[in-house]
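In order, the protein sequences belong to chains A and B.
Here the first sequence is numbered in the numbering used here, starting from 1 and rising by one per residue.
Here the second sequence is numbered in the numbering used here, starting from 1001 and rising by one per residue.
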Amino acid sequence: MRKKRGGSALLKAVELFDLPGEAGLGVPRVTVTGAHTVHVENHRGLLEYGPETIIANCAGLMVKIRGAGLEISAMSDMELVVTGKVAGVEFIS
Amino acid sequence: MGAVMNFIRGWARVELTCRYSERAVNICARNHVEFWDLKRADSGAAQMSVSIPGYLKLRQAAGETGAFSVKIVRRSGVPFFLWRIRKRYALLAGLLACLFLTGLSSVYVWQIDVVGNETVPTSQILAALKKEGVGIGTCVLNITESLVANRMLLDVPELSFITLNNHGSRIEVIVREKVAKPELYDRDVPTGVYARKAGIISEITALEGWGCVKAGDTVDEGDTLISAWVPQGKGFLTHAYGSVRARTWYELRLKMPLAADRKAYTGKKRARTAIILGGKRINLYFMGGNPYTSCDKMTTYETLTLPGGAVLPVTVVRERFEEYERTPAALSPEEAERILSVKLLELLEQEIGDGWIVSREFETENRDGAVTVTLRAECVEEIGVQRELTEEEIAAAGQG
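(1) Can you give the Cα-Cα distance for residue 1 of chain A and residue 15 of chain A, rounded to whole angstroms?
(2) Relative to the alpha-carbon of residue 1392 of chain B, which residue among B:1190, B:1321, B:1036 and B:1119 has its alpha-carbon at the smallest distance?
(3) Hey, does residue 84 of chain A have any beta-carbon neighbour from chain B nearer than 7 angstroms?
(4) Would you kindly work out how many angstroms separate the C-alpha atoms of residue 1091 of chain B and residue 1285 of chain B, rounded to a whole number?
(5) From this set, B:1075, B:1180 and B:1152, which residue's C-alpha is nearest residue 1174 of chain B's C-alpha?
(6) List the residues of chain A whose Cβ lies closer than 7 angstroms to the Cβ of residue 1030 of chain B, in chain order.
(7) With a CB to CB cut of under 8 angstroms and the five nearest residues on each side skipped, what residues in its chain are close to residue 1131 of chain B?
(8) Excluding the 5 residues flanking residue 1138 of chain B on each side, which residues of the same chain have their C-beta closer than 6 angstroms to its C-beta?
(9) List, in order along the chain, the chain B residues whose C-beta lies closer than 9 angstroms to that of residue 72 of chain A?
(10) What first and last residue would you give for the alpha helix (DSSP H) that runs through residue 18 of chain A?
(11) Kindly list, in the order they appear in chain A, the residues whose Cβ is closer than 7 angstroms to that of residue 1302 of chain B.
(12) Going by other Cβ atoms of all chains shown within 10 Å of its Cβ, with 16 needed for buried, is residue 1011 of chain B buried or exposed?
(13) Does the distance from the C-beta atom of residue 35 of chain A to that of residue 66 of chain A stay below 7 angstroms?
(14) Pull out every residue of the region 39–54 of chain A whose Cβ sits closer than 9 angstroms to any Cβ of chain B, in chain order.
(15) Would you check if the distance between the CB atom of residue 1240 of chain B and the CB atom of residue 1209 of chain B is smaller than 7 angstroms?
(16) Return helix, strand or coil for residue 1307 of chain B, following the three-state DSSP convention.
(17) What does residue 1022 of chain B reach in chain C if we use C-beta pairs closer than 8 angstroms?
(18) Residue ranges of each beta strand (DSSP E) run of no fewer than 3 residues wholly in the region 1104–1171 of chain B, ordered along the chain?
(19) Between the C-alpha atoms of residue 1049 of chain B and residue 57 of chain A, what's the straight-line distance to the nearest angstrom?
(20) Compute the Euclidean distance between the alpha carbons of residue 1362 of chain B and residue 1370 of chain B, then round it to the nearest angstrom.
(21) How many angstroms separate the CA atom of residue 1120 of chain B from the CA atom of residue 1181 of chain B?
(22) With a Cβ-Cβ cutoff of 7 angstroms, do residue 1296 of chain B and residue 1319 of chain B count as a contact?
(23) When you compare each of B:1079, B:1069 and B:1029 to residue 114 of chain A by their alpha carbons, which one comes out closest?
(24) Could you check whether the region 1260–1279 of chain B touches the region 1321–1341 of chain B, counting it as contact only if at least three pairs of C-beta atoms, one from each stretch, sit closer than 8 angstroms?
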């Protein structure tokens, strides 16, 4: 309960000072370039990957990338670059 | 570019076998293993490409966690190639020699490009560069660009600016030429316009001064066409100038004997080749000098280039010798007449400059084994020339 209140206070502070969320809260930042590249920052690991679906675990939610011929062209502990024919990006909380 | 860098650094395609391959991938990401092109193999294992340092980290992570096993599927790149040939000493020595020579050649000038010259010939600039010690085959490290540029300005006075840009083994010379100073009229110096040859005036335009002749007047050489003395008011002296065109007549004559020697090729030919490598000529033959006493020599220089247009520092020189004998041969009168007519017309065109030929006729005479051709032509040309007045002329004009 305390943790939830702390997170909420942090969220309020971020909103109050107009800070970028990915810096203050560690929320994911997803950049889609055309329909062929998705760049996910602040992920916490892969939950599933395959040529049609890639699911990345992020803080408090999951980012699901759907498409065809998807592959992970680069990955580090913070960032993930997915290329292929991207059909959609979903956020699952 | 990335593929080239990966090839140079070396990379391996590995297969991670794990119950949940996502876990293996996450472990890789957490351990800062640099990987790319992650795909799921048909067996369910994860396949990824890793660099050599990445592979070492991957092995360490696999050992520490025990969560997955690593198998190399394929390896590629320079380090693996060098490892394969490590015991082939001759090949390694050749490779090292090639690398050494490539590095060594990059410190020598192989190509000089001159840019920006319009009237000053490139050959003159290259000759001046050569004099300052910069040419094909010069070591780049011995060239001080600013010093050479300053000296070049003294060597080639027609240039106002010069800079040398060193692009590895190519030197780019950028030059700017001086703008010629316009001819200034000294309006205080009394000058008249005089006829440089006799003729009948067809057109006169006196821009300053007093026109002394009009269209249709006949003038002799030296006659005043536009006078410096302007008889208006009390009269004054000025700097007369303008254009005076006149009809002029020419009679030019040339003579040619009909007996002449002619070259007759014997059919004997010889060719030889040399190469110029970095300014040094290497003859690919043993006997120097001309192989025949009387022969034509034709030399062609061919600079080798790569398909992309890059110039190589190799020029192939091909020399062809063709022997001939001088045999007496009589020219036909018609041929002699044709040759002389062409020469006469060239002479006339030199005489009249910007003028033009109104009418012309040729007369041919064949006497004593020689042909004489006479050209008579009527032309229109500029006949006015400026000349400063002498002190006597100025004094006479003042009294007049």
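Yeah, the Cβ is synthetic: ideal placement off N, Cα and C, and Gly gets one too.
Quantities reported herein were computed from a predicted structural model and do not represent experimental measurements.
Let me lay it out:
(1) The predicted model places residue 1 of chain A with a pLDDT of 40, which falls under 50 and marks its position as unreliable, so this point remains unresolved.
(2) Closest by C-alpha distance to residue 1392 of chain B, out of B:1190, B:1321, B:1036 and B:1119, is B:1190.
(3) Judged by the 7 angstroms Cβ criterion, residue 84 of chain A is not in contact with chain B.
(4) The C-alpha of residue 1091 of chain B lies about 32 angstroms from the C-alpha of residue 1285 of chain B.
(5) The residue with the shortest Cα to Cα distance from residue 1174 of chain B is B:1152.
(6) Correct list: 77.
(7) Here the set comprises 1155.
(8) Here the set comprises 1109.
(9) Those within 9 angstroms of residue 72 of chain A in chain B are 1025, 1035, 1036, 1037, 1038, 1039 and 1048.
(10) Segment: none, residue 18 of chain A is in no alpha helix (DSSP H) and carries neither H nor E.
(11) The premise fails here: residue 1302 of chain B is roughly 48 angstroms from chain A at the closest Cβ pair, so nothing lies under 7 angstroms.
(12) For residue 1011 of chain B, the number of other beta carbons within 10 angstroms of its own is at least 16, and it is reported as buried.
(13) No, Cβ-Cβ distance for residue 35 of chain A and residue 66 of chain A is not below 7 angstroms.
(14) Taken in chain order, the members of the region 39–54 of chain A whose beta-carbon sits within less than 9 angstroms of a beta-carbon on chain B are 43, 44, 45, 46, 47, 48, 49, 50 and 51.
(15) Yes, these two residues count as a Cβ contact at 7 angstroms.
(16) The answer is coil: DSSP assigns residue 1307 of chain B none of H, G, I, E or B.
(17) Checking the listed chains, one finds no chain C in this structure; the protein chains it contains are A and B.
(18) Every beta strand (DSSP E) of 3 residues or more that sits fully in the region 1104–1171 of chain B is shown, in chain order, as 1111–1115 and 1159–1167.
(19) Roughly 23 angstroms separates the two Cα atoms.
(20) Rounded to whole angstroms, residue 1362 of chain B to residue 1370 of chain B spans 16 angstroms at the Cα level.
(21) One C-alpha to the other measures close to 16 angstroms.
(22) Their beta carbons are not under 7 angstroms apart, which means residue 1296 of chain B does not touch residue 1319 of chain B by this criterion.
(23) The structure shown does not extend to residue 114 of chain A, since chain A spans only 1 to 93, so no value can be given for it.
(24) Output reads yes: the region 1321–1341 of chain B touches the region 1260–1279 of chain B.
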